[in-house]
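I have placed the structure first, in the form of structure tokens, so that the comments after it can refer back to it.
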Amino acid sequence: MQILNRLEEARSLDGVAEKLQAVVTAVAKPRRLRDLLHGTYVGHAVHPVLVQLPVGAFMSAAVLDLVPGAHKAATTLIGVGTAATAPAVAAGWVDWSQLTKDRQRVGLVHAAANAVAITLYGASLVARLRGGSGRALSYTGLTVAGLGAYLGGHLSYARGAGVSHAATELTRVPSAWTSVGPLAELPTGKPVVRTVGDVPVLLWRDGDQVTAMIERCSHAGGPLGEGEVTAEGCVVCPWHGSTFRLRDGVVVHGPASANQPLLRVRVTGGDVEVAQP
Ligand code: FES
Numbered sequence: 547m548q549i550l551n552r553l554e555e556a557r558s559l560d561g562v563a564e565k566l567q568a569v570v571t572a573v574a575k576p577r578r579l580r581d582l583l584h585g586t587y588v589g590h591a592v593h594p595v596l597v598q599l600p601v602g603a604f605m606s607a608a609v610l611d612l613v614p615g616a617h618k619a620a621t622t623l624i625g626v627g628t629a630a631t632a633p634a635v636a637a638g639w640v641d642w643s644q645l646t647k648d649r650q651r652v653g654l655v656h657a658a659a660n661a662v663a664i665t666l667y668g669a670s671l672v673a674r675l676r677g678g679s680g681r682a683l684s685y686t687g688l689t690v691a692g693l694g695a696y697l698g699g700h701l702s703y704a705r706g707a708g709v710s711h712a713a714t715e716l717t718r719v720p721s722a723w724t725s726v727g728p729l730a731e732l733p734t735g736k737p738v739v740r741t742v743g744d745v746p747v748l749l750w751r752d753g754d755q756v757t758a759m760i761e762r763c764s765h766a767g768g769p770l771g772e773g774e775v776t777a778e779g780c781v782v783c784p785w786h787g788s789t790f791r792l793r794d795g796v797v798v799h800g801p802a803s804a805n806q807p808l809l810r811v812r813v814t815g816g817d818v819e820v821a822q823p
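Position 277 of the sequence shown, counted from 1, bears residue number 823 in my numbering, the numbering being contiguous throughout.
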């Protein structure tokens, strides 16, 4: 953990990170491509899903390399696994480009470890196709990939990269109906922020219909209440541009991949009340 803490504070990596970020931004310029790679169309990050194929293929190859007569099958799996890294790498870099600096530093070492692992697997594949064993190279690759996976797990589970930052807010909303003020005081077509318990909530009124969503952006907790509202009835996060439909919280553009959670809403005696779903 001390090594990880030092890595997160290693400002010497920032120069490389800035150059790589510029490259990723230039290469993944089309917004639809970025949304696809962030997982905006499927509701959560796709990088962890895409790594399953190479990881599964490499792990299976490692087992088959211990089985007499299964060398050819192991070679096939290493070929499949190596080819399958391409989409996982693309999604990983696009997600990485929208992380905070401390997490980008860890992400850089995660990517470097995986690049070394892929190179070792590629070399193993070439050695195998030339009639050699290639086992030492692939087992070394698996070990280095394990280090990369450990850092990736740290980024997600300890540092919250790729998880919804709005979901935890929802758990702090009172489950009892709580007033957020008179309906008559809510402007139409202009979102307002009210606090429920200690959770900021974004209210959007359309006629007599009111939508209440968690105000902290699911991507990294940006303040949607300070975002611009588009002509299509969406709010754009001021931090990284994630775009959410105000009437139902659906994510329209990333880097967010999760929708904004909605609260239950009712109007009682002219008062708008909200509650945890
Ligand atoms: S916090 Fe990153 S887009 Fe909202």
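Glycine residues also receive a C-beta, built at the ideal position from the N, C-alpha and C atoms.
Asked, Found
"Cβ pair His593, Ala637 closer than 7 Å", "yes"
"Proximity below 7 Å, CB of Val756 to CB of Leu749", "yes"
"Distance between Ala572 and His584 (C-alpha atoms, nearest Å)", "16 Å"
"Quiz: which residues have CB nearer than 5 Å to the ligand FES non-hydrogen atoms", "Cys763, His765, Ala766, Gly768, Cys783, Trp785, His786, Ser788"
"Residue interval of the alpha helix (DSSP H) (run including Val798)", "Per DSSP, Val798 belongs to no alpha helix (DSSP H); it is in the beta strand (DSSP E), 797 to 799."
"Residue from Ala695, Ala591, Tyr685, His786 whose Cα sits closest to the Cα of Arg762", "His786"
"Chain-order list of residues whose beta-carbon lies under 7 Å from that of Arg740 (same chain, five-residue window excluded)", "Val726, Gly727, Val747, Leu749"
"Val510 - partner residues in DSSP beta bridges", "No answer is possible for residue 510: the residues shown for the chain start at 547 and end at 823."
"Distance, Val570 Cα to Pro576 Cα", "11 Å"
"Proximity of Gly795 and Leu808 at Cβ, strictly below 7 Å", "yes"
"Under the three-state DSSP convention, the category Leu809 falls into", "coil"
"Ser710 to Phe790 span [Cα, whole Å]", "14 Å"
"Residues that Trp785 bridges to, as DSSP identifies them", "In DSSP, Trp785 forms no bridge with anything."
"Length of the line joining the Cα atoms of Glu554 and Gln548", "10 Å"
"Sufficient close CB pairs (3 or more, under 8 Å) joining the region 603 to 617 to the region 646 to 654", "no"
"Reference Val820, options Thr586, Ala619, Arg718, closest by Cα", "Arg718"
"Simplified DSSP assignment, three categories, for Gln822", "coil"
"Top-ranked residue by Cα proximity to Leu688, from His765, Ala669, Gln806", "Ala669"
"Contacts around Val811, its chain only, beta-carbon distance under 6 Å, and the 5 residues preceding and following it disregarded", "Val756, Ala758, Val820"
"Cutoff 6 Å; reference Leu596; Cβ partners in own chain excluding five residues on either side", "Pro633, Ala634, Ala637"
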